[in-house]
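Enquirer: Mind looking over this structure? Questions follow.
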Amino acid sequence: MANFLTSSIGKKFIQGISGAFLVIFMLLHATINFFSVIDSLKGTYGADDGLFKMGCDFMALPIVTMMVPVLALGFIVHICYGCFLTWQNIRARGGYNRYEVASKAAADSWSAKNMLVLGIVILGILFFHLTHFWAKMQLAEFTGGEAENPYLLLNLTFGNIWVTLIYIVWFIAVFLHLGHGFWSMFQTVGWSNSIWMKRTKVIGLIVAAIIVLMFISVACNAYLQANGLIG
Ligand code: HEM
């Protein structure tokens with residue numbers, strides 16, 4: 002077992018499993034956020050019985066809150082192994098951008114070469130994001146205060162065009178990172194013959210696109226709501 006975890010396939014496996022767990026979180030997170038767009042269409046944006054508000058209340062249940070340390074651990078494992086794998090690749094290739102060797106499939110993808118850079122952008126903006134929502138909701142509750150109204154936070158955050166644009170850059174980085182990561186995970190578990198290589202690439206891009214399009218629509222909808230451009 003110890004051998005497996007330190008072997009190169011074992012490390013990629015851990016990277017893939019922690020990544021898969023984060024993808025499930027992203028799907029759930031994007032879906033609950035997307036409720037705010039449905040609220041807009043139904044005229045319940047900002048209402049106490051709005052779908053998005055209900056989704057946030059669900060996320061605040063103790064059974065879900067208990068998962069927060071697990072989620073944080075998932076991020077930490079994924080980041081640590083990601084850095085480690087990249088460092089090993091650099092050592093093996095003798096430089097960051099030396100991808101001329103071995104896998105042609107990995108070599109011709111921009112995302113594959115830039116997973117570390119994309120990861121750093123995602124992590125950096127994640128901290129910015131946590132100050133907008135998590136700090137004012139879950140952290141406020143943990144520290145004995147009350148969670149702020151989630152629609153108000155949407156409007157405060159995305160009401161500013163520059164913040165919205167930074168978020169959109171973030172979502173594009175998430176798309177590129179997920180699009181490659183998903184495929185890479187299947188390659189690690191061995192589904193990489195020529196038929197499945199194409200299929201998992203397409204499935205990965207579709208899943209990444211669904212997640213990111215939901216996030217983008219949430220940000221744009223909140224921008225329009227905050228600036229009184231839709232009712
Ligand atoms: C339109 C885009 C997004 C919106 C409106 C949004 C909204 C929120 C909200 C309301 C919370 C606080 C939940 C609570 O404390 O009860 C939160 C937390 C969080 N968000 Fe996002 N989010 C977005 C995109 C993302 C993305 C792209 C990621 C990951 C790359 C992400 C990662 C997290 C994490 C890790 C937390 C803390 C854990 C949690 O409270 O569930 N979010 N977000």
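So for the sequence shown, our numbering puts the first residue at 2; every next one is plus one.
Glycine included, every Cβ here is placed at the ideal spot set by N, Cα and C.
Hey, would you say the C-beta of Cys-221 is under 7 Å away from at least one heavy atom of ligand 1?
Expert: It does not: the Cβ of Cys-221 is nowhere closer than 7 Å to a heavy atom of ligand 1.
Enquirer: Is Met-60 helix, strand or coil when you go by DSSP?
Expert: DSSP places Met-60 in helix when its eight states are reduced to three.
Enquirer: Does the distance between the C-beta of Ile-123 and the nearest non-hydrogen atom of ligand 1 fall short of 7 Å?
Expert: Yes, ligand 1 has a heavy atom inside 7 Å of this Cβ.
Enquirer: Under 8 Å, with one C-beta from each stretch per pair, do the segment 20-39 and the segment 55-64 reach the 3-pair mark?
Expert: Verdict: yes, contact present.
Enquirer: Comparing the CB of Phe-14 with every heavy atom of ligand 1, is any distance shorter than 7 Å?
Expert: Checking the Cβ of Phe-14 against ligand 1 gives no.
Enquirer: Quick one: does the C-beta of His-181 sit closer than 7 Å to a heavy atom of ligand 1?
Expert: Not so, every heavy atom of ligand 1 lies at least 7 Å from the Cβ.
Enquirer: When the distance is taken between beta carbons, is Met-215 closer than 8 Å to Gly-20?
Expert: Contact: no.
Enquirer: How do the segment 120-127 and the segment 40-58 stand: do at least 3 beta-carbon pairs fall below 8 Å, yes or no?
Expert: With a cut-off of 8 Å, the segment 40-58 and the segment 120-127 do not count as touching, because too few Cβ pairs lie within range.
Enquirer: Name the two residues that bound the continuous alpha helix (DSSP H) containing Leu-72.
Expert: Where Leu-72 is concerned, the enclosing alpha helix (DSSP H) stretches over 69-94.
Enquirer: Given the structure, does Trp-163 come close to ligand 3, in the sense that its CB is under 7 Å from one of the ligand's heavy atoms?
Expert: Inclusion of ligand 3 in the displayed structure is not the case, the ligand content consisting of ligand 1 alone.
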